[in-house]
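Written out below as structure tokens is the structure these notes cover.
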Amino acid sequence: MTVHKIAVIGSGTMGSGIALTAATNGIRAVVVDISDEQISRAKKYHQKQLEKSVAKERITQDEADIATANLSYKTSMEEAADANWAVEAATENVDVKKSIFKKMFDVFGDDVVLATNTSSISITDLASSIPKAEHRVIGMHFFNPVPVMKLVEVIKGKKTSEETTAATIVLSEQMGKTPVPANDFAGFVSNRVLMPMINEAFHAWSDGVADPEAIDSIMKLGCAFPMGPLRLADYIGLDVCRDIMMVMYNGLDENPKYLPNQKLIELVEQGHLGDKTGQGVYNYEKG
Ligand code: NAI
243 MTVHKIAVIG SGTMGSGIAL TAATNGIRAV VVDISDEQIS RAKKYHQKQL EKSVAKERIT
303 QDEADIATAN LSYKTSMEEA ADANWAVEAA TENVDVKKSI FKKMFDVFGD DVVLATNTSS
363 ISITDLASSI PKAEHRVIGM HFFNPVPVMK LVEVIKGKKT SEETTAATIV LSEQMGKTPV
423 PANDFAGFVS NRVLMPMINE AFHAWSDGVA DPEAIDSIMK LGCAFPMGPL RLADYIGLDV
483 CRDIMMVMYN GLDENPKYLP NQKLIELVEQ GHLGDKTGQG VYNYEKG
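The numbering of the sequence shown is the numbering used here, which starts it at 243 and goes up by one.
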């Protein structure tokens with residue numbers, strides 16, 4: 243099956259990155275979001291990234307123009323119905339995602355793969371919301387920033403077909419990525435390992451072991467991390483980090499080791515979500 247157009251549901255950090263990556267690899271991408279504001283942010287992000295790539299001579303102006311032409315933006319899924327692949331990249335919340343899956347089932351054709359970029363939610367559980375199409379549901383977990391990060395974690399649900407899996411591998415490669423399989427446990431591999439470490443960095447900060455700058459410097463210089471865990475949490479989005487911890491807590495026998503740190507919860511409740519709001523663990527308002 244040749245994918246000629248991908249519908250990306252959700253135009254936040256990840257959705258905008260997935261769409262841009264598709265567009266720069268010759269695949270048309272339509273971005274769908276319920277928020278006009280998010281749509282215009284995605285558009286601006288795409289323009290800026292393409293301009294940057296041309297300025298740095300990573301792509302030519304012609305290639306940037308083709309990528310721009312490959313991108314479109316809609317506020318209703320129905321307007322994206324001609325896509326022959328769909329990937330959901332909306333808020334990390336089971337109920338939100340299940341309602342999106344029901345809509346994707348209604349809107350897209352019978353042979354369209356319905357993928358999800360969820361970081362932690364069970365693929366089998368999401369697929370159960372559309373019993374007639376469970377074989378077409380799969381986890382296609384990109385990493386942030388999508389245009390740069392090479393990995394796609396591919397997660398089959400209980401009923402995902404081999405055909406769906408094979409097509410996901412082909413599309414991931416077509417988008418310049420390296421697909422690697424993981425089994426359907428909350429958090430899969432990447433977040434099962436990463437998120438408890440980020441959460442522990444919040445505990446270390448709360449306990450007064452060190453301030454955020456020192457925690458991040460120690461992990462960068464001592465463990466060769468490109469980014470400290472608290473800086474990374476801001477980059478991912480503190481709400482996303484909290485939500486992933488809760489999905490793992492609920493999905494892995496309510497083991498208290500997966501409960502999100504109180505300081506993390508408080509920052510989210512104050513609306514300090516990290517890079518995307520200009521304030522998280524660190525302040526970014528002055529750039
Ligand atoms: P985000 O908060 O930046 O964006 C979420 C977007 O979903 C928002 O634009 C929101 O308006 C939209 N949305 C909510 N309900 C919708 C609906 N019914 N229809 C269409 N759009 C809707 O979140 P982000 O960071 O892009 O995360 C999206 C997904 O990707 C989550 O499942 C997250 O766990 C996953 N993910 C996030 C990573 C990260 O580093 N932020 C990395 C890998 C996966």
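Each residue gets a CB set at the ideal place from its N, CA and C atoms; glycine is no exception.
At least one heavy atom of the ligand NAI lies closer than 8 Å to the C-beta of residue 518. Here residue 508 is exposed: its Cβ has fewer than 16 other Cβ atoms, across all protein chains shown, within 10 Å. Nearest to residue 442 by C-alpha distance, out of 269, 469 and 502, is 502. Taking a cut-off of 8 Å on C-beta distances, the stretch 260 to 279 touches the stretch 245 to 252, as three or more cross pairs fall below it. Look at residue 344: its beta carbon is at least 8 Å from all of the heavy atoms in the ligand NAI. An exposed status is given to residue 320, since fewer than 16 other beta-carbon atoms sit within 10 Å of its beta-carbon.
In the structure shown, the three-state DSSP call for residue 459 is helix. According to the DSSP assignment, residue 493 belongs to the alpha helix (DSSP H) that extends over 480 to 493. DSSP places residue 264 within a helical segment (H, G or I) once states are collapsed to three.
Distances from the CA of residue 440 to each of 345, 481 and 252 were compared; the closest alpha carbon is that of 481.
Under the Cβ criterion (8 Å, minimum of three pairs), the stretch 416 to 431 counts as touching the stretch 383 to 402. Contact between residue 399 and residue 360 is absent: CB atoms are separated by about 11 Å, not below the 8 Å threshold. Put simply, the stretch 336 to 351 does not touch the stretch 292 to 311. Fewer than three CB pairs are less than 8 Å apart. The beta carbon of residue 264 sits closer than 7 Å to the beta carbons of 248, 271 and 417 from its chain, once the five residues preceding and following it are set aside; these are given in chain order.
The three-state reading of DSSP puts residue 343 in helix, counting H, G and I together.
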